[in-house]
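Single-structure report; data block below.
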Ligand SMILES: NC(=O)c1ccc[n+]([C@@H]2O[C@H](COP(=O)([O-])OP(=O)(O)OC[C@H]3O[C@@H](n4cnc5c(N)ncnc54)[C@H](O)[C@@H]3O)[C@@H](O)[C@H]2O)c1
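In this note's numbering, the protein residues as written are 25 to 343.
Have a look at this one:
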């Protein structure tokens with residue numbers, strides 16, 4: 025039987041492998057032993073994670089890990105950039121709850137460490153890398169941490185964003201254009217340049233680049249933002265073309281206006297921010313609603329999805 029998706033040594037997609045052929049076929053020969061080993065590995069990973077949580081006095085975390093509820097990212101190893109931000113942190117916490125191990129990257133030391141502390145308090149596994157995504161060394165450090173701490177890499181989420189002035193191109197200084205481009209487009213290029221070979225080595229994986237609804241419907245003064253987010257939507261299509269044969273999936277997730285510090289900072293107060301959300305629900309989305317989409321894209325539930333954009337914008341672009 026040919027498994028639908030190749031297995032990552034750290035665990036991965038047992039359900040997916042069963043779907044790939046005749047389940048009865050697993051009753052004979054080496055296949056049976058293989059499934060038995062995968063089940064043992066998974067039980068072992070869960071027990072080890074649970075004990076780690078208990079050692080940190082987190083009984084709730086230990087019980088959550090042992091819960092029979094399906095943990096959709098068990099065995100996944102994810103790098104998340106912008107992990108200290110509103111959406112990045114929500115993604116890290118949701119991934120940890122679903123069983124993934126995390127490498128949390130951010131330029132903001134305090135914010136990244138706070139995310140890691142929250143993951144560990146829930147019984148999850150996380151390492152931290154502080155650095156500027158515009159620098160190639162930061163990408164190398166993120167990947168080295170994933171290998172050293174967790175033994176590989178299955179998932180890359182790029183959520184970091186370098187904001188610059190909200191000005192039309194006629195007024196935006198070249199230096200600001202370049203600064204934003206270096207982080208928002210060259211950053212993920214550098215990360216993926218080095219991450220993809222490691223993902224291939226482990227049997228494949230999922231790339232999720234956080235774009236924006238503003239790639240489709242620009243607002244005044246955001247030419248730099250809309251064009252860089254639009255480029256990410258094109259980039260995942262190109263990655264899908266180049267790497268689907270190696271079992272790499274690449275998609276963007278485009279949030280609509282989302283209730284976090286970055287969004288609120290544009291308004292005098294939170295009520296005003298919700299008032300101007302321009303969604304069909306009359307409110308902002310939550311970071312957790314965006315994270316739910318990122319869990320789907322990282323999980324085997326989205327195994328037939330690549331080169332696509334998952335738009336979660338409360339109908340912002342529908343009208
Ligand atoms: N919040 C929204 O309304 C909204 C809407 C659409 C799309 N998005 C996208 O979602 C993603 C996350 O946004 P957010 O609201 O969580 O923003 P945020 O500002 O809360 O988080 C961004 C994080 O990126 C980090 N960062 C900035 N420059 C960096 C650099 N050079 N190297 C490494 N890290 C760096 C920041 O320290 C911060 O922790 C962004 O890509 C953003 O464009 C957000």
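In this text, a Cβ means the ideal position worked out from N, Cα and C, and glycines have one as well.
Just so you know, these numbers come straight off a predicted model, no measurement behind them.
Which of the three DSSP states is assigned to residue 169 in this structure? Translated into the one-based positions of the chain shown, residue 169 becomes position 145. Three-state result, residue 169: helix.
Extent of the continuous beta strand (DSSP E) run through residue 129: Along the chain shown, one-based indexing puts residue 129 at 105. Per DSSP, the unbroken beta strand (DSSP E) holding residue 129 starts and ends at 125-130.
State yes or no: is the C-beta of residue 282 nearer than 7 Å to some heavy atom of ligand 2? Ligand 2 is not part of this structure, which contains only ligand 1.
Could you check what DSSP says for residue 337 in three-state terms: helix, strand or coil? The sequence position of residue 337 within the chain shown is 313, counting from 1. Coil, per DSSP.
Just the C-alpha distance for residue 324 and residue 208, rounded to the nearest angstrom, thanks. Along the chain shown, read from residue 1 onward, the residue named residue 324 stands at position 300. Along the chain shown, read from residue 1 onward, the residue named residue 208 stands at position 184. Roughly 27 Å between the two C-alpha positions.
With 16 other CB atoms within 10 Å as the buried threshold, where does residue 291 fall? The residue labelled residue 291 in the question sits at position 267 within the chain shown. With fewer than 16 Cβ atoms within 10 Å of its Cβ, residue 291 is classed as exposed.
C-beta atoms of residue 297 and residue 287 nearer than 8 Å: On the chain shown, residue 297 is found 273 positions in, with the first residue counted as 1. On the chain shown, residue 287 is found 263 positions in, with the first residue counted as 1. The answer is yes: Cβ separation under 8 Å.
Could you check the C-alpha separation between residue 212 and residue 231 for me, to the nearest Å? Your numbering for residue 212 matches position 188 in the chain shown. Your numbering for residue 231 matches position 207 in the chain shown. Going from the Cα of residue 212 to the Cα of residue 231 covers about 10 Å.
Quickly, what does DSSP pair residue 309 with across the bridge? List them, please. As a first step, residue 309 must be located in the chain shown, where it is residue number 285. As computed with DSSP, residue 309 is found in a beta bridge with 282.
DSSP state of residue 50 mapped onto helix, strand, coil: By one-based count along the chain shown, residue 50 stands at place 26. Residue confidence for residue 50 is low, a pLDDT of 34 falling below 50, so the modelled location carries little weight and cannot support an answer.
Which stretch, first to last residue, makes up the beta strand (DSSP E) that contains residue 149? Residue mapping note: residue 149 aligns to position 125 of the chain shown, counting from 1. Boundaries of the beta strand (DSSP E) around residue 149: 149-154.
Which partner residues does residue 180 have in the DSSP bridge list? Position 156 of the chain shown, counted from the first residue, corresponds to residue 180. Under DSSP, residue 180 takes part in a beta bridge, and its partners are 103, 231.
Residue 313 versus residue 259 - alpha carbon distance: Here the question's residue 313 lines up with position 289 in the chain shown. Here the question's residue 259 lines up with position 235 in the chain shown. So the two alpha carbons sit approximately 24 Å from each other.
Whole-Å CB distance - residue 277 paired with residue 234, under 8 Å assumed: If you number the chain shown from 1, residue 277 lands on position 253. If you number the chain shown from 1, residue 234 lands on position 210. Contact between residue 277 and residue 234 holds: their C-beta atoms lie close to 6 Å from each other, under 8 Å.
Any heavy atom of ligand 1 within a distance shorter than 7 Å of the CB on residue 132? Counting from 1 along the chain shown, the entry for residue 132 is found at position 108. Checking every heavy atom of ligand 1 against the Cβ of residue 132, one is found closer than 7 Å.
Candidates 150, 283, 255, of which the one nearest residue 206 by Cα: For the purposes of this step, residue 206 is identified with residue 182 of the chain shown, where counting begins at 1. Checked all of 150, 283, 255; the closest Cα to residue 206 is 255.
Quick test of your reading: residue 340 and residue 202, contact by CB under 8 Å. State the CB separation rounded to the nearest angstrom. For the purposes of this step, residue 340 is taken as residue 316 along the chain shown, with counting starting at 1. For the purposes of this step, residue 202 is taken as residue 178 along the chain shown, with counting starting at 1. About 29 Å separates the Cβ atoms of residue 340 and residue 202, ruling out a contact at the 8 Å cut-off.
Roughly how many angstroms lie between the CA atoms of residue 97 and residue 307, to the nearest whole one? Taking the first residue of the chain shown as position 1, residue 97 is located at position 73. Taking the first residue of the chain shown as position 1, residue 307 is located at position 283. So the two alpha carbons sit approximately 30 Å from each other.
In angstroms, rounded to a whole number, what distance separates the CA positions of residue 108 and residue 161? The sequence position of residue 108 within the chain shown is 84, counting from 1. The sequence position of residue 161 within the chain shown is 137, counting from 1. Distance between the alpha carbons of residue 108 and residue 161: 19 Å.
Which residue comes first and which comes last in the alpha helix (DSSP H) that contains residue 121? As a working mapping, residue 121 is identified with position 97 in the chain shown. For residue 121, the enclosing alpha helix (DSSP H) covers residues 110-121.
Per DSSP, which residues does residue 321 bridge with? Please list them. Within the chain shown, residue 321 is the residue found at index 297, counting from 1. Bridge partners of residue 321 according to DSSP: none are assigned.
Beta-bridge partners of residue 276, as assigned by DSSP: Working through the chain shown from its first residue, we reach residue 276 at position 252. Looking at the DSSP assignment, residue 276 forms a beta bridge with 233, 333.
If you measure from the CB of residue 263, is any heavy atom of ligand 1 nearer than 7 Å? For the purposes of this step, residue 263 is taken as residue 239 along the chain shown, with counting starting at 1. Outside the cutoff, so no.
Taking the alpha helix (DSSP H) that residue 202 falls in, what are its first and last residues? As a position in the chain shown, residue 202 is number 178, starting the count at 1. Residues 198-205.
Does the Cβ-Cβ distance between residue 6 and residue 303 come in under 8 Å? Past the edges of the chain, shown from 25 to 343, lies residue 6, and the structure says nothing about it.
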